[in-house]
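Since the structure comes first, as structure tokens, the remarks are kept for the end.
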Amino acid sequence: ARLIALDAANGQVCPSFAEGGTLNLMANMPYPKSGYYYSTSAPLIVAGKIIVGGAVNDNYSTEEPSGVIRAYDAGTGALLWNWDSGNPDQTAPLPAGQNYTNNSPNMWSTASADEKLGLLYVPLGNQTPDQLGMGRSANVEKF
């Protein structure tokens, strides 16, 4: 999964965004299997940030990527913060080699924001496997 920045005036890739215009959305993901994490809705652009969630393939495995929600600088692609329902108090970008919580509830639909209030509203799905509610941590169950 990746996010590509294009110049709205000419359709060219923006080379100064992330790594040559492409942001790797699999960074810090546990179990980065091809096709198991993907975008199903447009990112939200608000207050100079790109807010990104994603979908996971529910009920195929208990080794799924995270449902982490991330905010990137809209100009540079730098990760500004992340919110992982499995570790909600850790919002600073993770260092390389450290992973988000696997199987955590994900934001596969569209988020919205109220800039005046400074609030982001995110719809969350269930933790995978979503047909069986056993083995969920208190943090994951809370969300």
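Numbering (this note's numbering), first residue to last: 5 to 147.
No residue lacks a Cβ here, since even glycine has one placed at the ideal position from N, Cα and C.
These figures come from a predicted structure and were not determined experimentally.
Who are the Cβ neighbours of residue 61 in its own chain at under 6 Å, not counting the five residues just before and after it?
-> Annotation for residue 61: 40 place their beta carbon closer than 6 Å to its own, counting only its chain and skipping 5 residues before and after.
In the DSSP assignment, find the beta strand (DSSP E) that holds residue 26 and state where it starts and stops.
-> Unbroken beta strand (DSSP E) run through residue 26: 26 to 28.
Does the pairing of the segment 97 to 108 with the segment 32 to 39 give three or more beta-carbon distances under 8 Å?
-> Two segments are said to touch when three or more pairs of C-beta atoms, one from each, lie closer than 8 Å; by this definition the segment 97 to 108 touches the segment 32 to 39.
Residues in its own chain within less than 8 Å of residue 114 by CB, not counting five upstream and five downstream?
-> Taking C-beta separations shorter than 8 Å and ignoring five residues to either side along the sequence, the partners of residue 114 in its chain run 45, 46, 48, 127, following chain order.
Are the CB atoms of residue 68 and residue 106 nearer to each other than 8 Å?
-> It is a contact, given that the beta carbons lie within the stated cut-off.
Could you tell me the boundaries of the beta strand (DSSP E) in which residue 117 lies?
-> Element bounds for residue 117: 116 to 118.
Any idea what DSSP makes of residue 142, helix, strand or coil?
-> If DSSP states are grouped into helix, strand and coil, residue 142 belongs with the helices.
Residue 61 by DSSP, collapsed to three states: which one?
-> Assignment of residue 61 by DSSP, reduced to helix, strand and coil, places it in the coil class.
Examine the ligand HEM and report whether any of its heavy atoms sits within less than 7 Å of the Cβ of residue 128.
-> The ligand content of the structure shown is nil, which means the ligand HEM is not present either.
Could you tell me the boundaries of the beta strand (DSSP E) in which residue 87 lies?
-> It spans 83 to 87 - the beta strand (DSSP E) in which residue 87 sits, taken as one unbroken run.
Residues bridged to residue 7 by DSSP?
-> According to DSSP, residue 7 bridges with 27.
In this structure, does DSSP put residue 76 in helix, strand or coil?
-> Strand at residue 76.
Beta-ladder partner(s) of residue 48, from DSSP = In the DSSP output, where bridge partners are listed per residue, residue 48 has 55.
Which stretch, first to last residue, makes up the beta strand (DSSP E) that contains residue 121?
-> For residue 121, there is no enclosing beta strand (DSSP E), as DSSP gives it neither H nor E.
Taking residue 71 and residue 109 to be in contact with their CB atoms under 8 Å, please state how far apart those CB atoms are, rounded to whole angstroms.
-> Right, their Cβ atoms sit about 5 Å apart.
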